Amino acid sequence: QKEVEQDPGPLSVPEGAIVSLNCTYSNSAFQYFMWYRQYSRKGPELLMYTYSSGNKEDGRFTAQVDKSSKYISLFIRDSQPSDSATYLCAMSAGGANDMRFGAGTRLTVKP
Amino acid sequence: EAGVAQSPRYKIIEKRQSVAFWCNPISGHATLYWYQQILGQGPKLLIQFQNNGVVDDSQLPKDRFSAERLKGVDSTLKIQPAKLEDSAVYLCASSSGLGYDTQYFGPGTRLTVL
Chain P
1 QKEVEQDPGP
11 LSVPEGAIVS
21 LNCTYSNSAF
31 QYFMWYRQYS
41 RKGPELLMYT
51 YSSGNKEDGR
61 FTAQVDKSSK
71 YISLFIRDSQ
81 PSDSATYLCA
91 MSAGGANDMR
101 FGAGTRLTVK
111 P
Chain Y
1001 EAGVAQSPRY
1011 KIIEKRQSVA
1021 FWCNPISGHA
1031 TLYWYQQILG
1041 QGPKLLIQFQ
1051 NNGVVDDSQL
1061 PKDRFSAERL
1071 KGVDSTLKIQ
1081 PAKLEDSAVY
1091 LCASSSGLGY
1101 DTQYFGPGTR
1111 LTVL
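In order, the protein sequence lines correspond to chains P and Y.
Residues 1 to 111, numbered by my numbering, are exactly what the first sequence covers, in order.
Residues 1001 to 1114, numbered by my numbering, are exactly what the second sequence covers, in order.
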């Protein structure tokens, strides 16, 4: 079993839709949870960061962490074609050198 | 603020050849990382530097991979000899601190080994 599981998709939605992206994990020591966005031929960029359980909202993006279920989600409201990218979840127990990434979900938002 | 720079962007070599990648982190960032991202997978950490010292190289295949960060700024990652399974994107990232801290990634070098 991988430490971090993420459905690779691809996921295609119409513009304006609500998008839900998810990851599950097995290591209960993880307490830092990140979502990265990676455009084609580019490096990942940090989108959202959450510590421990709970919700965090930033504009159209909401990150949720449920440590009891070992499940994290990223919601994108009013999705735009510019949101088309691969979304990677990542998590860490505390150090940058123990960060584990999911495989990424490729999202396409169609105009 | 200039981002993380990497070169070359693309490299095609034959197996058993050697190759080197270069990374220039964001100015002032003490910590530098090299990741390997195989197609369809998330990045995997190869080595982490704090200034010019190695913090973690536990996942670096040391029989063929080497990395250095002279003077605590630029870094090079070398593969010698390359294998087919080394085909991947090699990402460099930097951060200002050592603990959990935002990592800024470069565009990566796409390596194809034939």
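Cβ atoms here follow ideal geometry from the backbone N, Cα and C, with glycine treated the same way.
All of these numbers come straight from a predicted model, not from anything done at the bench.
- The three-state secondary structure of G1042 (chain Y), taken from DSSP, is coil.
- Exclusion of the five residues before and after L1070 (chain Y) leaves N1052 as the residues of its chain whose Cβ lies within less than 7 Å of its Cβ.
- Across the set Y:V1073, Y:L1046, Y:S1075 and Y:S1095, the C-alpha of Y:L1046 shows the shortest separation from the C-alpha of K1062 (chain Y).
- With its beta carbon less than 8 Å from one in chain Y, P8 (chain P) belongs to the interface.
- By the neighbour-count criterion, in which 16 or more other beta carbons inside 10 Å mark a residue as buried, L1039 (chain Y) falls on the exposed side.
- With contacts defined by Cβ atoms closer than 8 Å, K1015 (chain Y) and L1114 (chain Y) form a contacting pair.
- Listed in chain order, the non-local C-beta contacts of G59 (chain P) below 7 Å within the same chain number zero, local neighbours out to five positions each way being set aside.
- Taking the Cα positions, G43 (chain P) is about 31 Å away from S68 (chain P).
- Shortest Cα-Cα distance from H1029 (chain Y) to any of Y:Y1035, Y:F1021, Y:A1002 and Y:Q1037 involves Y:A1002.
- DSSP lists Y:L1077 as the beta-bridge partner residues of F1021 (chain Y).
- In this chain, the beta strand (DSSP E) harbouring K1011 (chain Y) covers Y1010 to I1013.
- With a threshold of 8 Å between beta carbons, F33 (chain P) makes no contact with chain Y.
- Here E1085 (chain Y) carries a helix assignment [DSSP, helix/strand/coil].
- At a beta-carbon threshold of 7 Å, the residues of chain Y lying near G102 (chain P) are G1042, ordered along the chain.
- Under the three-pair Cβ rule at 8 Å, the region 91-100 of chain P does not count as touching the region 36-54 of chain P.
- L1111 (chain Y) places its beta carbon 8 Å or farther from that of S1075 (chain Y).
- In terms of beta-carbon proximity, D1101 (chain Y) lines the interface with chain P, with at least one pair separated by less than 8 Å.
- Across the region 40-52 of chain P, CB contacts with chain Y closer than 9 Å involve R41, K42, G43, P44, E45, L46, Y49 and Y51, in sequence order along the chain.
- Within the region 19-62 of chain P, complete beta strand (DSSP E) segments of at least 3 residues are found at 19-25, 32-38, 45-51 and 54-58, given in chain order.
- For G1053 (chain Y), the enclosing beta strand (DSSP E) covers residues G1053 to D1056.
- Residue-level contact check: N27 (chain P) does not touch chain Y, since none of the beta carbons of chain Y fall below 8 Å from its beta carbon.
- DSSP, read as helix, strand or coil, puts A96 (chain P) in helix.
- Counting C-beta atoms within 10 angstroms of its own C-beta, I18 (chain P) has fewer than 16 neighbours from the protein chains shown and is therefore classed as exposed.
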